[in-house]
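Reviewing the structure listed below.
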Amino acid sequence: MFSDVHAVLFDLDGTLIDSAPDLGAAADKMRVDRGMPSLPLDRYRPMAGAGARGMLGIAFGMGTDHPDYAELREEFFKNYENCMTQRTAVFKDVPELIDQLIGRGLKWGVVTNKSMRFAGPLTKGMKLFATAKTVIGGDTTPYAKPHPAPLLEAARQL
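For the record, in the sequence shown the residue sitting at position 79 is 82 according to our numbering, with numbers rising by one throughout.
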């Protein structure tokens, strides 16, 4: 059935790694720095896939149309850069899955909407990604997912 498959591409956050703890911590630091009470991780976790937009929405109840959004987004990015590998972890069965793919002669890679500013250092710092043949970020091509350009670029690199 899958004899024509030569490679597998994965999303990053919420698929291969649990990055919600560090994303939430970056947003929560902003709350605490402003004298607001800390929120528990379970408040941030459901919006982790939405990145800065989701985290700022939970932390401050703001959308992208808020006048302070751009400034707070950059502050969030700086916080995240400083903590993005502290609590982020590979999901439990992922290493075994990747080993099975490699054992079957399949290449694998990552296509994420996370910018390479974060995806590059994050994947370079985790042993799992040493065998990935490509990591495509949300800013690697002119378009992010769900546009096909990032997937086509990953396929080209494989």
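Every residue, glycine too, gets a C-beta built ideally from N, C-alpha and C. Predicted model, so just to flag it, every value in this text is computed and none were measured.
Is Lys-127 helix, strand or coil when you go by DSSP? Under the three-state reduction of DSSP, Lys-127 is assigned to helix.
Report the CB separation of Leu-3 from Met-33 in whole angstroms; it is logged as a contact under 8 Å. The chain is shown from 4 up to 161; residue 3 falls before or after that span and cannot be answered.
Mind checking whether Ala-135 and Val-113 have CB atoms under 7 Å apart? Yes, the pair counts as a contact, with Cβ atoms nearer than the cut-off.
Taking the alpha carbon of Pro-145 as the reference point, which residue from Thr-137, Glu-156, Gly-128 has its own alpha carbon closest? The shortest Cα separation from Pro-145 among Thr-137, Glu-156, Gly-128 belongs to Glu-156.
Does Ile-105 pass the burial test, meaning 16 or more other C-beta atoms within 10 Å, or should it be called exposed? Exposed, because fewer than 16 other Cβ atoms sit within 10 Å of the Cβ of Ile-105.
Look up Ala-10 in the DSSP assignment and give the residues it is bridged to. Answer is Lys-110, bridged to Ala-10.
In the DSSP output, what is Val-93 paired with across the bridge? According to DSSP, which records beta bridges pairwise, Val-93 is partnered with Ile-20.
Can you tell me whether Ser-22 is buried or exposed? The criterion is at least 16 other CB atoms within 10 Å of its CB, across all chains shown. The Cβ neighbour count for Ser-22, taken over all protein chains shown within 10 Å, is at least 16; the residue is labelled buried.
Hey, Val-11 and Leu-109: beta-carbon distance below 7 Å or not? Closer than 7 Å, so yes.
Please list the terminal residues of the continuous alpha helix (DSSP H) segment that includes Met-58. Looking at the DSSP string, the run of the alpha helix (DSSP H) that includes Met-58 is 54-63.
Nearest to His-69 by CA position, among Lys-81, Arg-56, Tyr-83, is which residue? Nearest option by C-alpha distance: Arg-56.
Please classify Thr-137: does DSSP put it in a helix, a strand, or coil? Thr-137 falls in the strand class under three-state DSSP.
Quick check on the DSSP output: the alpha helix (DSSP H) that includes Pro-70 runs from which residue to which? Careful: Pro-70 lies outside any alpha helix (DSSP H) and carries neither H nor E.
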